[in-house]
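Working notes for the structure below.
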Amino acid sequence: MYIPVNRDDKFSISGHNIQSTDTILKIYKSIVFEESDTTINSMLTLDKFKEYPNGSGKTLFQQYCASCHSLNKTTHGPALHDIMQERTSDWLIKFVTNRKLVATDTTHLKLKEAFNNYECMEFPDLTKEDIEMITSYIKYK
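So the sequence shown is numbered by the UniProt record's numbering: it starts at 1 and just counts up by one.
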């Protein structure tokens with residue numbers, strides 16, 4: 001990517017849930033200034049980055065969760081940020097895709113009781129990666 005700035009300009013790139021320092025270094029290494037020597041630091045192209053066909057964690061949250069949940073306040077369902085403080089992504093994957101796997105879990109039972117036995121819909125078609133993107137969005141928003 002070419003950024004038309006001079007060395008006195010400042011900019012930043014932010015992200016979350018980046019699994020590897022190498023990814024961050026590759027992104028920064030791909031930035032080319034007008035006077036950059038591209039024989040040393042070759043530019044990365046967009047095809048080098050993983051694309052998510054279902055969208056971002058925010059998009060998935062809005063599509064599957066936002067009609068009943070908020071991040072930080074109880075609405076039709078509990079505040080999901082609070083749930084993520086108590087439970088792992090693996091627990092949420094089981095809860096969302098196959099409720100039977102957490103049927104006796106104390107958090108699940110407390111939620112059922114608190115919401116008059118009304119339960120969140122199951123979304124068996126969401127992949128583990130989709131749910132991890134949603135949980136990452138919830139945790140870091």
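Even for Gly, the Cβ is constructed at its ideal location relative to N, Cα and C. For clarity, every value in this text was computed on a predicted model and none was experimentally measured.
### Task
Please confirm if the segment 85 to 92 is in contact with the segment 118 to 127, defined as three or more CB-CB distances below 8 Å between the two stretches.
no
Self-check item: Pick from K110, T97, N98 and K128 that is closest to residue 172, judged by C-alpha positions
Solution: For residue 172 there is no data in the structure shown, the boundaries of the chain being 1 and 141.
T135: buried (16+ other C-beta within 10 angstroms of its C-beta) or exposed? Against the sequence shown, residue 135 aligns to sequence position 135. Burial call: buried.
Who are the Cβ neighbours of V102 in its own chain at under 6 Å, not counting the five residues just before and after it?
-> Numbered from 1 along the sequence shown, position 102 holds the residue referred to as residue 102. Cβ within range, chain order: K94, F95 and H108.
Subject >> Cβ pair I31, L92 closer than 8 Å >> reply: Sequence index remark: in the sequence shown, residue 31 carries index 31 (1-based). Sequence index remark: in the sequence shown, residue 92 carries index 92 (1-based). Contact: no.
Check: How is Y118 classed by DSSP in three states: helix, strand or coil?
Finding: Against the sequence shown, residue 118 aligns to sequence position 118. It is coil, neither helix nor strand.
Notebook entry, point to check: Taking the continuous alpha helix (DSSP H) assigned at V96, which residues delimit it?
Noted result: As a working note, residue 96 is residue 96 in the sequence shown. Per DSSP, V96 belongs to the alpha helix (DSSP H) from S89 to T97.
| message | Can you give me the C-alpha to C-alpha distance between Y137 and T59, rounded to a whole angstrom? | response | Here residue 137 corresponds to residue number 137 of the sequence shown, with the count starting at 1. Here residue 59 corresponds to residue number 59 of the sequence shown, with the count starting at 1. In a straight line, the C-alpha of Y137 is about 9 Å away from that of T59.
**OP:** Mark Y140 as exposed unless 16 or more other C-beta atoms lie within 10 angstroms of its C-beta, in which case mark it buried.
**Re:** Taking the first residue of the sequence shown as position 1, residue 140 is located at position 140. Exposed, since its Cβ has fewer than 16 Cβ neighbours within 10 Å.
- Query: What's the call for P78, buried or exposed, on a 16-neighbour Cβ count within 10 Å?
  - Reply: In the sequence shown, the residue the question calls residue 78 occupies position 78. Counting Cβ neighbours within 10 Å, P78 comes out buried, since at least 16 surround it.
task: Alpha carbon to alpha carbon, how far is L126 from A114? Give it in angstroms, no decimals.
output: If you number the sequence shown from 1, residue 114 lands on position 114. If you number the sequence shown from 1, residue 126 lands on position 126. In a straight line, the C-alpha of A114 is about 26 Å away from that of L126.
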